[in-house]
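Chains as they are written, first to last, in the numbering used here: chain A, 1 to 249; chain Z, 1 to 261.
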Amino acid sequence: MTSLLSLTDITKTFDNGFKALGPIDLDVLPHEFLSLVGPSGCGKSTALRVIAGLLAPSAGMVSFPSGKPETAFVFQDPTLMPWASALDNARLPLDLKGVARAEANARAGRALERVGLGGFEKSYPRELSGGMKMRVSIARAIAAEPKLLLMDEPFAALDELARQSLNDDLLKLWREDKLTVIFVTHSVYESTYLSSRVVVMTPRPGRVAADIALTAPENRDAHYRLSPEFTAQAAKVSAALRDAMSEAA
Amino acid sequence: MSALLKYAVPMALGIAVLALWEFFVRHFNVPVFVLPAPSAIWTALVENFASLMASLWTTLRVTLEAFALAVLGGVALAILFSQSRAIENALYPYAVILQVTPVVAITPLILIWVGYDRIDLVLVIIAFIVAFFPILSNTTLGLKSADHNLIDLFRLYGASRWQILLRLQLPTALPHLLGAMKISGGLALIGAVVAEFVAGSGAATGLAWRIVEAGHNLEIAKMFAALALLAGLGIAIFSVLSVFEWSLLHRWHESAVKKTS
Numbered sequence: 001m002t003s004l005l006s007l008t009d010i011t012k013t014f015d016n017g018f019k020a021l022g023p024i025d026l027d028v029l030p031h032e033f034l035s036l037v038g039p040s041g042c043g044k045s046t047a048l049r050v051i052a053g054l055l056a057p058s059a060g061m062v063s064f065p066s067g068k069p070e071t072a073f074v075f076q077d078p079t080l081m082p083w084a085s086a087l088d089n090a091r092l093p094l095d096l097k098g099v100a101r102a103e104a105n106a107r108a109g110r111a112l113e114r115v116g117l118g119g120f121e122k123s124y125p126r127e128l129s130g131g132m133k134m135r136v137s138i139a140r141a142i143a144a145e146p147k148l149l150l151m152d153e154p155f156a157a158l159d160e161l162a163r164q165s166l167n168d169d170l171l172k173l174w175r176e177d178k179l180t181v182i183f184v185t186h187s188v189y190e191s192t193y194l195s196s197r198v199v200v201m202t203p204r205p206g207r208v209a210a211d212i213a214l215t216a217p218e219n220r221d222a223h224y225r226l227s228p229e230f231t232a233q234a235a236k237v238s239a240a241l242r243d244a245m246s247e248a249a
Numbered sequence: 001m002s003a004l005l006k007y008a009v010p011m012a013l014g015i016a017v018l019a020l021w022e023f024f025v026r027h028f029n030v031p032v033f034v035l036p037a038p039s040a041i042w043t044a045l046v047e048n049f050a051s052l053m054a055s056l057w058t059t060l061r062v063t064l065e066a067f068a069l070a071v072l073g074g075v076a077l078a079i080l081f082s083q084s085r086a087i088e089n090a091l092y093p094y095a096v097i098l099q100v101t102p103v104v105a106i107t108p109l110i111l112i113w114v115g116y117d118r119i120d121l122v123l124v125i126i127a128f129i130v131a132f133f134p135i136l137s138n139t140t141l142g143l144k145s146a147d148h149n150l151i152d153l154f155r156l157y158g159a160s161r162w163q164i165l166l167r168l169q170l171p172t173a174l175p176h177l178l179g180a181m182k183i184s185g186g187l188a189l190i191g192a193v194v195a196e197f198v199a200g201s202g203a204a205t206g207l208a209w210r211i212v213e214a215g216h217n218l219e220i221a222k223m224f225a226a227l228a229l230l231a232g233l234g235i236a237i238f239s240v241l242s243v244f245e246w247s248l249l250h251r252w253h254e255s256a257v258k259k260t261s
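Dropping the structure here:
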């Protein structure tokens, strides 16, 4: 299968000489759910920004063999515009692309419904809980029907219940829309639950320490979180992460 | 109950102070050219109502024109600064110099340049200089305060500079601008009054000149009446701008959130 995107020999050194990333090689296939796992400051977020085109790599190449896909980005903070309603926030990508207002409203409204926020169209961010704000942020990401969804520790600041329910909703979106997701996290359990593949990174400058394909049932739920299959795979990811840490030390 | 307290207490205090003032002046027979009683001030206000209102209107017009120019000019220049670092570096020091130079010291110069026959224009220019800087400074800060991740998001979706300015930077700067407007509204009034004190002498017809005039004639009650009108004007400007700020921010901004506990 042709990969959706390839990173070839990517390094990123910041102007102050800080070596954040690489060299790193990575191929991402269509409809993969790929998690980047690693210790804090290992360049996971930098890698995501390079892929998004928000940051130019110092060396190496990002290529998209079948053209640059429609890309969406979800940050660790909901990053909403406080002066705009949930609907107006979700509509942002469509507004910026010049989609006609009526159609944009309909599509943004549908995106909000899909993340479980039907009825909250007129609410302002300050009227919503942390989990709901993150849902608006995800609605905004899917409103423009992206192929590639980049997520930078999106659920790190949420409580466990909100996090698990968002995990399940994200998997549903991934399945239904045939999304390719690159998901940065430092949680072994979250990456194991969500991903079809986990890439473990070394401490900075981040390189690929392990590339682990996971097998998980199509429909994951609370039972799967407690199953022996899940535990075994989480142990594998955890061991790889420990190796990556000790190798560097 | 809390609303009653909020308005009733300061009002009761005001009435008490006025009553005490009236009593003090009458009891000790304070001469009217030292401190007139509130009742005398009221009488002076009624007797000179037509001329005082004409002067109030002049001062109000100068203040509003200067304020409008300050808001338009300040926002326009701040937008220019946000678009070009070079322009900001080139012009900002001069904006600061204009701000820190005591405006009273510039007034005679502007008076000579513009001419005694266009005294209102002189007043507007001085009031503008006084009111301009807070708008420029705060709006510039606001335009720069846009969330960096949101800017990245806008770029990811191919937004133009214009779209980023209009949809992200200007709304971010709005609370800063509204705060600056509350300061500048009062400053424009101060500028209009100070300029008239300096420029004064016959051609000026605002409230400041009424005060100078009344002082020369030892009509202290009239002086107080003009002073009261000036204070009232300042309060009115501040109130209108506060309501304006509330109407634009109360739905979304943290400053307008009522604590529920």
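Beta carbons are placed, not taken as given, at the ideal position from N, Cα and C, and that holds for glycine.
No experiment lies behind these values; they were computed from the predicted model shown.
Proximal residues of chain A, C-beta to C-beta of residue i below 7 Å
i	result
Arg251(Z)	Tyr124
Leu153(Z)	Phe73 and Thr79
Ala159(Z)	Leu96
Residues that DSSP places opposite residue i in a beta bridge
i	result
Ala102(A)	None, per the DSSP bridge assignment.
Lys12(A)	Leu21(A)
Val46(Z)	Answer is none; Val46(Z) lacks a bridge partner.
Ile212(A)	Val198(A)
Ile182(A)	Leu34(A) and Leu150(A)
Leu153(Z)	Looking at the DSSP assignment, Leu153(Z) forms no beta bridge with any residue, so it has no partner.
Gly200(Z)	According to DSSP, which records beta bridges pairwise, Gly200(Z) is partnered with nothing at all.
Val74(A)	Met151(A)
Asp27(A)	Ser6(A)
Ser58(A)	For Ser58(A), which the question treats as bridged, DSSP gives no partner whatsoever.
Ser63(A)	Ser6(A)
Gly206(A)	Leu21(A)
Contacts of residue i in chain A (Cβ-Cβ under 9 Å)
i	result
Gln163(Z)	Asp95 and Leu96
Glu254(Z)	Pro82 and Arg126
Pro171(Z)	Met81, Pro82, Trp83 and Ala84
Residue of the options minimising C-alpha distance to residue i
i	options	result
Leu55(A)	Glu32(A), Asp15(A), Ala111(A) and Thr79(A)	Asp15(A)
Val62(A)	Val28(A), Leu241(A), Glu113(A) and Leu173(A)	Val28(A)
Ile24(A)	Gly38(A), Phe18(A), Gly60(A) and Gly17(A)	Gly60(A)
Phe33(Z)	Ala146(Z), Ala214(Z) and Glu47(Z)	Ala214(Z)
Leu168(Z)	Ala188(Z), Ile87(Z) and Lys144(Z)	Lys144(Z)
Ala20(A)	Ser187(A), Arg204(A) and Leu179(A)	Arg204(A)
Ile112(Z)	Ile87(Z), Ala146(Z), Leu166(Z) and Ala199(Z)	Ala199(Z)
Gln163(Z)	Ile151(Z), Ala173(Z) and Leu174(Z)	Ile151(Z)
Pro30(A)	Val237(A), Lys178(A), Gly206(A) and Ala111(A)	Lys178(A)
Asp243(A)	Leu96(A), Leu166(A), Gly119(A) and Val37(A)	Val37(A)
Val208(A)	Gly98(A), Arg197(A) and Ala216(A)	Arg197(A)
Gly74(Z)	Arg210(Z), Pro31(Z), Gly142(Z) and Ile15(Z)	Gly142(Z)
Asp47(A)	Arg220(A), Lys97(A), Leu26(A) and Leu112(A)	It is worth fixing the name first, because residue 47(A) is Ala in this sequence and not Asp. Checking every option, the nearest Cα to that of Ala47(A) belongs to Leu26(A).
Leu171(A)	Met132(A), Ile212(A), Arg114(A) and Ala156(A)	Arg114(A)
Ala111(A)	Leu166(A), Asp95(A), Gly98(A) and Leu173(A)	Leu173(A)
Val193(Z)	Lys6(Z), Thr63(Z) and Val25(Z)	Thr63(Z)
Val188(A)	Thr2(A), Ala156(A) and Leu4(A)	Ala156(A)
Leu60(Z)	Leu13(Z), Ala127(Z), Asp147(Z) and Ala16(Z)	Ala127(Z)
Lys147(A)	Phe18(A), Glu32(A), Ser238(A) and Ala240(A)	Glu32(A)
Glu176(A)	Asn219(A), Met1(A), Tyr224(A) and Asp159(A)	Asn219(A)
Beta-carbon separation (whole angstroms), residue i vs residue j, contact threshold 8 Å
i	j	result
Val181(A)	Glu153(A)	Contact flag wrong, Cβ pair sits at about 13 Å.
Thr139(Z)	His176(Z)	6 Å
Arg135(A)	Ala108(A)	Between Ala108(A) and Arg135(A) the Cβ distance is about 13 Å, and since that is not below 8 Å, they are no contact.
Ala45(Z)	Ala225(Z)	Inspection of the sequence shows that residue 45(Z) is occupied by Leu rather than by Ala. Right, their Cβ atoms sit about 4 Å apart.
Glu196(Z)	Ala208(Z)	4 Å
Phe64(A)	Leu4(A)	7 Å
Ser40(A)	His186(A)	7 Å
Met201(A)	Lys44(A)	6 Å
Thr192(A)	Leu214(A)	7 Å
Beta-carbon neighbours of residue i, restricted to chain Z and to distances below 7 Å
i	result
Pro228(A)	The contacting residues do not exist; Pro228(A) stays about 40 Å from chain Z at best.
Residue i: contacting residues in chain Z (beta-carbon distance under 8 Å)
i	result
Leu54(A)	Asp152, Arg155 and Leu156
Chain A residues whose Cβ lies nearer than 8 Å to that of residue i
i	result
Asn149(Z)	Phe75, Asp77 and Thr79
Problem - Sufficient close CB pairs (3 or more, under 8 Å) joining the stretch 54 to 62 of chain Z to the stretch 176 to 184 of chain Z - result: no
Practice task
Examine the Cβ distances between the stretch 122 to 135 of chain Z and the stretch 93 to 101 of chain Z and report whether three or more of them are shorter than 8 Å.
Solution key: yes
Handout entry: Touching by the beta-carbon criterion (3+ pairs, under 8 Å), the stretch 100 to 119 of chain Z and the stretch 60 to 70 of chain Z
Key = no
Exercise for the section: Check whether the stretch 116 to 132 of chain Z touches the stretch 146 to 160 of chain Z, taking contact to mean three or more Cβ pairs, one atom from each stretch, closer than 8 Å. Expected result: no
Practice task
Would you check if the stretch 134 to 150 of chain A and the stretch 72 to 81 of chain A touch, i.e. whether three or more CB-CB distances between them fall below 8 Å?
Solution key: yes
Practice task
May I ask you to verify whether the stretch 116 to 136 of chain A touches the stretch 84 to 92 of chain A, counting CB pairs closer than 8 Å and requiring at least 3?
Solution key: yes
Practice task
Take every Cβ of the stretch 233 to 245 of chain Z, pair it with every Cβ of the stretch 186 to 196 of chain Z, and state whether three or more of those distances are shorter than 8 Å.
Solution key: yes
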